[in-house]
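As structure tokens, the structure follows; a few thoughts come after it.
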């Protein structure tokens, strides 16, 4: 069975983005594993509780067929988290499809894996996240979902199901 790793913030992941992405993966026959900074409970922005079974420091990217970072206010901390940045880099180097939705594309940008790649992101309305992506070499599309090679980015909860479908459709 193919396995996907969804990485959630310990506090403040985006519940709808998690649900839409998980649904897309499970509908396509993937087993879903939850990762976070530490093993144990993760609490969504809207109160959903999910248990992470793997800590980021213990992730071996080759154990997964897909890896995605789920957004939400808590996900921004991963843009400066050494374990999260290593996972992003290792995933791209291994040729494994990677995804990020909402604010999470900033993690990929900070990991320098979006340089020269088309990507989208949620933005705060002041251009903050767009500017970060562009500063790190990404080509911002403004689309709800953008696929560039093995990298899929989505701009927020409204795009969650589309993001999930695009993420599973990448040939690997």
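Numbering (this note's numbering), first residue to last: 30 to 201. Where is the CB? At the ideal position from N, CA and C, for every residue including glycine. Source: prediction; values computed, not measured.
In the DSSP assignment, residue 71 forms a beta bridge with 79.
For residue 122, the enclosing alpha helix (DSSP H) begins and ends at 111-122. Annotated three-state conformation of residue 181 is strand, per DSSP. Taking C-beta atoms as the reference points, residue 34 and residue 88 count as a pair closer than 9 Å. Per DSSP, the continuous alpha helix (DSSP H) segment holding residue 192 begins and ends at 189-198. Rounded to the nearest whole angstrom, the C-alpha separation of residue 86 and residue 66 is 7 Å. Contact between the stretch 94-101 and the stretch 76-84 is absent: fewer than 3 CB-CB pairs across the two stretches fall below 8 Å. By the Cβ neighbour-count rule, residue 157 is exposed, with fewer than 16 other Cβ atoms within 10 Å of its own. Given a length threshold of 4 residues, each whole run of the alpha helix (DSSP H) inside the stretch 133-177 is given here in chain order: 134-139 and 157-164. About 3 Å separates the Cβ atoms of residue 101 and residue 43, confirming a contact at the 8 Å cut-off. Classified as buried, residue 188 has 16 or more neighbouring CB atoms from the shown chains inside 10 Å of its CB.
If you look at residue 51, you'll find it in the alpha helix (DSSP H) that goes 44-56. Residue pairing of residue 62 in beta bridges, as defined by DSSP: 34.
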